[in-house]
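To start, the structure itself, in structure tokens.
Residue numbers (the UniProt record's numbering): 1 to 334.
So this is what it looks like as structure tokens:
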């Protein structure tokens, strides 16, 4: 089992970067232990996301402090880097395979505005998806809009999961659905990630998921949460499902409407969602809608990684992913 990363180590890493972060968090298998054949691997790369109000200013300072972190784009200057960050993929710029404070790290930079938009609308479900799973919050400034968006993202994750679950289910069933939202349609689940990745994320971290979602479940009038039994019950009537569908983030509603729209009818979103609420395959439609969001953003962000990491690092990083998958497969079959 890997040794947990100390608070001191996180502070040492953050000290290497410009300040003025509206949010900084660490995530992934280097922070929270995962089950499965790769769960005991040591010296995993630590993943971070830094949220900044002004990407141009932040990258300008970071180029002065950590110029070697960047690919050839460092020669283009902070304005071009910020443009690549904001206008392509999921609105996040990653520098990967960096040695910092004795640890191998990868860090992404995203603007506060872009993050809030993703949290509220799920327009890419990229960083919003990471924040639906347990993360290690390292800093969070007093920003009521950002904090409200973070809470809204968790509430939306619960609602989407409810629509894909039966009337009665376990806590683990719920958390697996939530953890899998941002992997729906992600091509990396086929090419580089372990097939059982979502279950492996959830199983060792049930207490962390419970801490993240417990209060939301207790406050939700549509669920009976039997915490002592680890069981939940929800109303699966068309009326209840319509209420849930109407509270989903805008982009997911639009994707569902697009899937169900009959050519020439031009129905509004509410009318389409009412139809879906009465459909026995409602959960399948929601899952397909999620795939319609995740698939293009994951492809574009991975393609963008070739620019931001450089070809050499991209090849090494991809090889590490494939090796991880292969190691997991061989351990399971040996």
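Beta carbons: idealized from backbone N, C-alpha and C, even for Gly.
Separation of residue j from residue i, as counted between CA atoms
i           : j           : result
residue 254 : residue 237 : 22 Å
residue 74  : residue 67  : 7 Å
residue 110 : residue 53  : 9 Å
residue 192 : residue 169 : Note that residue 192 scores 46 on pLDDT, short of 50, meaning its location in the model is unreliable and no value can be drawn from it.
residue 227 : residue 51  : 34 Å
residue 47  : residue 266 : 44 Å
residue 297 : residue 92  : 11 Å
residue 290 : residue 184 : 6 Å
residue 274 : residue 246 : 9 Å
residue 9   : residue 201 : 23 Å
residue 174 : residue 181 : 11 Å
residue 106 : residue 27  : 10 Å
residue 96  : residue 63  : 15 Å
residue 156 : residue 293 : 15 Å
residue 98  : residue 163 : 40 Å
residue 142 : residue 102 : 31 Å
residue 77  : residue 65  : 14 Å
residue 148 : residue 278 : 31 Å
residue 241 : residue 233 : 14 Å
residue 306 : residue 108 : 14 Å
residue 6   : residue 100 : 15 Å
residue 4   : residue 219 : 32 Å
residue 113 : residue 130 : 17 Å
Simplified DSSP assignment, three categories, for residue i
i           : result
residue 235 : coil
residue 109 : strand
residue 96  : strand
residue 120 : helix
residue 225 : strand
residue 47  : strand
residue 169 : strand
residue 31  : coil
residue 131 : coil
residue 252 : helix
residue 290 : helix
residue 163 : helix
residue 154 : helix
residue 125 : coil
Span of the alpha helix (DSSP H), counted from its first residue to its last, around residue i
i           : result
residue 24  : Unbroken run through residue 24 is the beta strand (DSSP E), 21 to 27; no alpha helix (DSSP H).
residue 213 : 206 to 219
residue 276 : 269 to 277
residue 78  : 78 to 87
residue 16  : Run containing residue 16: none; DSSP gives neither H nor E here.
residue 338 : Past the edges of the chain, shown from 1 to 334, lies residue 338, and the structure says nothing about it.
residue 69  : Segment: none, residue 69 is in no alpha helix (DSSP H) and carries neither H nor E.
Sub-8 Å separation of residue i and residue j beta-carbons
i           : j           : result
residue 135 : residue 25  : yes
residue 251 : residue 58  : no
residue 259 : residue 288 : yes
residue 172 : residue 206 : yes
residue 261 : residue 243 : no
residue 336 : residue 276 : Residue 336 lies beyond the stretch modelled for the chain, which goes from 1 to 334, so this question has no answer here.
residue 225 : residue 212 : no
residue 154 : residue 132 : yes
residue 128 : residue 140 : no
residue 308 : residue 84  : yes
residue 204 : residue 34  : yes
residue 88  : residue 300 : yes
residue 44  : residue 29  : yes
residue 18  : residue 79  : no
residue 49  : residue 82  : no
Cβ-heavy atom distance, residue i to the ligand MN, below 7 Å
i           : result
residue 133 : In terms of ligand content, the structure shown is empty, and the ligand MN therefore cannot be addressed.
Residue i - containing beta strand (DSSP E), residue span
i           : result
residue 140 : 136 to 140
Cβ distance (whole Å) where residue i is taken to contact residue j below 8 Å
i           : j           : result
residue 215 : residue 235 : Not a contact, Cβ separation roughly 20 Å.
residue 146 : residue 23  : 7 Å
residue 179 : residue 198 : 5 Å
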